[in-house]
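For reference, the structure is listed below as structure tokens.
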Amino acid sequence: MFFDGNHTYMIEPGGENTTSEEVHVHMIYQSPGLDPPEDFISAVHLAESPFQNPPLSSAAHRRKKRQISRNPRSVADETKYIELMVINDHLMYKKHRLSVGQTNNYAKSVVNMADLYFKEQLNTRIVLVAMETWAADNRFNINDDPMVTLREFMKYRRDFIKEKCDSVHLFSGNRFHSNWGGASYMGGVCSLTKGGGVNEYGKTEEMAITLAQSLGQNIGIFSDKKRILNGECKCEDKWSGCIMDDVGWKPSRVC
1 MFFDGNHTYM
11 IEPGGENTTS
21 EEVHVHMIYQ
31 SPGLDPPEDF
41 ISAVHLAESP
51 FQNPPLSSAA
61 HRRKKRQISR
71 NPRSVADETK
81 YIELMVINDH
91 LMYKKHRLSV
101 GQTNNYAKSV
111 VNMADLYFKE
121 QLNTRIVLVA
131 METWAADNRF
141 NINDDPMVTL
151 REFMKYRRDF
161 IKEKCDSVHL
171 FSGNRFHSNW
181 GGASYMGGVC
191 SLTKGGGVNE
201 YGKTEEMAIT
211 LAQSLGQNIG
221 IFSDKKRILN
231 GECKCEDKWS
241 GCIMDDVGWK
251 PSRVC
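Position 201, counted from 1, in the sequence shown is what full-length UniProt numbering calls 201; the numbers after and before it change by one each time, with no gaps.
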């Protein structure tokens, strides 16, 4: 995306190449719905200015004025970000035709769907910062008990994962012997020994729900059954349900 001083333009990859040469075709089109930010200064105005940068005193004055006039915002108004790493185990790799590319694309689809839930209701974005797929074999024993697998997974994170992230989740091709499709530690986000979860294989939307719930629990959200029974916490959309609800087609509320 770029702005020429008058209009905003979008750049997207084009269709498949018709020649054998390594030529990557892209499409550029004008986006009528995006306006430049209020403080945008075009290249034309910069060229006419006698200064490449405004004088320090003037810049400081404008910065101070902006800070005074800006309304204070609450935490709920600020967009939050959760940096997530995903590890696909060997059975997940097998379920996607022994293809690392297909396995990774599936995992990305799951994360993108969970990100929509968090963005809509919590003003929080899930950022996928790293991914690892075990194409050779599992790095530790995947148990049918999700809590046993979670404990072993957190040991693996502590000892072998070097990437910096808030939470690491294991996408397993296994089906756990549990009513839940995953497990995570309550409020353990950002901890090397508690910041993570495990999720069993399922359809994209099913696994996205499990990821949203286990990640929600990891950041300290839980389903308050008492408040729900008392009618203090209600989901306005009965069809969509809640992120932390026991059932739901599309999580959209937090209860």
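The beta-carbon is built from N, C-alpha and C at its ideal position, and this holds for glycine as well.
Counting only the Cα atoms, GLU132 lies some 12 Å from ASN105. Residue burial annotation: ASN112 is exposed, with fewer than 16 other C-beta atoms found within 10 angstroms of its C-beta. The alpha-carbon of ALA136 is positioned some 7 Å away from that of HIS90.
In chain order, GLY197, SER214, GLN217 and ASN218 place their CB closer than 6 Å to the CB of SER184, counting only its own chain and leaving out the 5 sequence neighbours on each side. Secondary structure at VAL100: helix, using DSSP grouped into helix, strand and coil. Around the CB of VAL86, 16 or more other CB atoms lie within 10 Å, so the residue is classed as buried. Contact between SER74 and THR204 is ruled out by a C-beta separation of about 34 Å, above the 8 Å threshold.
Within its own chain, the residues whose Cβ lies closer than 6 Å to the Cβ of VAL127, once the five positions on either side in sequence are excluded, are TYR81 and GLU83, listed in chain order.
When the Cα atoms are used, PHE140 and HIS96 turn out to be separated by approximately 20 Å.
Contact between the stretch 176 to 183 and the stretch 145 to 152 is present: three or more C-beta pairs spanning the two stretches fall below 8 Å. When secondary structure is reduced to three states using DSSP, ALA114 falls in the helix class.
Annotated three-state conformation of TYR201 is coil, per DSSP.
Around TYR156, the same chain offers ARG139 and PHE140 as residues with beta carbons nearer than 7 Å, after the five sequence neighbours per side are excluded.
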